[in-house]
Structure formats: C-alpha cells, structure tokens
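Below is one structure; the comments refer to it alone.
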Amino acid sequence: MPSTDRRRFLTSAVLGGSAVAGATALGSLAPETAFAAPRIDLEPGARDPNFAEGRITAISGSLLKVSGSDKALHRIYVTHGTSIWKLRPTTFDEIKVGDGLYARGVKMPDGALAADAVWVNIVNLDAAITAIDSGRLHLDHHGNKVVGHVVNGTTAAVYNHTPAISDLSGLQVGKHVKVIGAWRPDTNEVDIATVYAGI
1 MPSTDRRRFL
11 TSAVLGGSAV
21 AGATALGSLA
31 PETAFAAPRI
41 DLEPGARDPN
51 FAEGRITAIS
61 GSLLKVSGSD
71 KALHRIYVTH
81 GTSIWKLRPT
91 TFDEIKVGDG
101 LYARGVKMPD
111 GALAADAVWV
121 NIVNLDAAIT
131 AIDSGRLHLD
141 HHGNKVVGHV
151 VNGTTAAVYN
161 HTPAISDLSG
171 LQVGKHVKVI
181 GAWRPDTNEV
191 DIATVYAGI
C-alpha cells in the first residue's frame, strides 16, 4: 500500500467516519470516548487550534514533531500531566518516531500544543469479520483487508452493550463489528483493544 494510501487509511480508520477527533478537556484515556471532543465554535473549514494529528517525525526531550496528514507541521509538548494511550494507558517512552497520533491540549503562545491527551496509533474501525484464526481476526474495512491481532491480557469483547470480557468465542465470521485498537505503522495490521459485536 503506498504511503499516501496508508495515511488516508489511518485517518479514515481512526475517525470512523466522523469529521472531528479529539479528547475531552480532562484528557480521558478511554479510547472509546477519544472522539468526543468538547464543542468549540469554529468557522466552517477552520482548523481546531487545540487539536493535532499526523505521524511523528522526531522526538526531542518531551517535544514531539509531527507531520499532519494535511502537510501541517505540529510541535506537541508532552508533560507529566499528559495522558497517553497506545493500546492501553502507557508512558512517554512507548512513543516512537513513525507512530501516528491524535492529540488534544492547549495552544501555547509559541504555537506549540501542550497536550492534555495523546492517542498513539489509535484506530476505530467499522468492519466485517472475514475469517478467524488463532489469535487473529481478519477484517474487511470498506474494502481494505485488515488483520487484527488479539493481545493476551488486553483484548476484550463487548457483546450487545454488556460489560467487556476476554472471551472472544461469540465473534462470528460475516458479522459486523467495531474495533478499537492500535495500528502497527506502515502495515494493514492492528492490535485489538476492544471489539464490539452486535451493535
């Protein structure tokens, strides 16, 4: 898959069809609510100054340099108060050059973003299960083939809005699911955090 197609795939996958992604002002780490951004009145087509997305091109101390999918360049400061999600709540040292991210925070006078919350490689896929084998779900996401990896101790399923459980035996080939997970950069593979079935 060419790099521009991968970027388009990541953007469409993480947004899950919504026009705006982000976090709450409190920086919730719940990936399922990562896109419930606080309402900000913007002119049509205007960029949200408190939101950034793209691929990490460099890390210098606590500063992330990020190239946005729209070619915008972002500088994002991660502080001790920044919540970080990469398949699960995690720490700054898990962030790598080449990772994709979505960040929400406060724009500083120098134009950098002081991040309240950062979601690294997060994807939000609406997909159909095409096959199930040991430790993997094969998915069709709008014609794109995606391999979802089950991560022991992390991956959970939610069936018809019941509490999340580790038992994935209720998943069925041919059924539509929503998958929250972490993209493996430059591949069509994701590690699965939560799969929602029967929704």
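Under full-length UniProt numbering, the residue at position 8 of the sequence shown is numbered 8, and the numbers go up by one with no gaps.
Cβ atoms here follow ideal geometry from the backbone N, Cα and C, with glycine treated the same way.
None of these values were measured; they are calculated from a predicted model.
- Here T194 is bridged, per DSSP, to A156, I180.
- Note on geometry: alpha-carbon atoms of A115 and T79 lie some 7 Å from one another.
- Straight-line measurement puts the Cα of G174 at about 28 Å from the Cα of K86.
- The beta carbon of H74 sits closer than 7 Å to the beta carbons of A52, G54, V66, G68, L113 from its chain, once the five residues preceding and following it are set aside; these are given in chain order.
- Taken in chain order, the unbroken stretches of beta strand (DSSP E) that lie wholly in the UniProt domain "DUF5666" (53-116) and span 3 residues or more are 63-67, 73-85, 100-107.
- As the crow flies, the alpha-carbon of R136 is around 9 Å from that of V151.
- Annotation for I165: A156, A157 place their beta carbon closer than 7 Å to its own, counting only its chain and skipping 5 residues before and after.
- Of the other Cβ atoms in all chains shown, fewer than 16 fall within 10 Å of the Cβ of N160; this residue is therefore exposed.
- Nearest Cα to T162 within the set V195, V147, T130: V195.
- Assignment of H161 by DSSP, reduced to helix, strand and coil, places it in the coil class.
- By the neighbour-count criterion, in which a residue is buried when 16 or more other Cβ atoms sit within 10 angstroms of its Cβ, V97 is exposed.
- Per DSSP, the beta-bridge partners of N144 are H141.
- For L125, the beta-bridge partners assigned by DSSP are V179.
- A straight line joining the alpha-carbon of G61 with that of D93 spans about 10 Å.
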